[in-house]
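Novice: This note's numbering numbers the first residue of the sequence shown as 102 and each following residue consecutively. All residues carry an ideal CB built from backbone N, CA and C; glycine is no exception. Keep in mind that this is a model prediction, so the values were computed, not measured.
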Amino acid sequence: MLDAYIYDGVRTPFGRHAGALARVRPDDMLAGVIREVVKRSGFAPETSRR
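(1) Grab me the residues of residue 130's own chain with a C-beta within less than 6 Å of its C-beta, minus the 5 sequence neighbours each way, in chain order.
(2) For residue 139, report the span of its alpha helix (DSSP H) as first-last.
(3) Quick one, are the C-beta atoms of residue 138 and residue 104 less than 8 Å apart?
(4) Go ahead and pull the three-state DSSP assignment for residue 146.
(5) Would the beta-carbon of residue 142 fall within 8 Å of that of residue 107?
Laid out in structure tokens, this is it:
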């Protein structure tokens, strides 16, 4: 089986020290990035065997 890769660039928000994003966990920000990349790619995760 061949491995497939999705390449795209999505920018996470950035803010000031102790600003509005200070309490947002990095993995929560990453989850948003992953969702957007999958959405843009048209990939349907439910079709993957892994």
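Specialist: On the basis of the supplied data:
(1) Cβ neighbours of residue 130 beyond the five flanking positions: 113.
(2) For residue 139, the enclosing alpha helix (DSSP H) starts and ends at 127–142.
(3) Against a cut-off of 8 Å, the Cβ pair of residue 104 and residue 138 comes out as no contact.
(4) In the structure shown, the three-state DSSP call for residue 146 is helix.
(5) Contact: yes.
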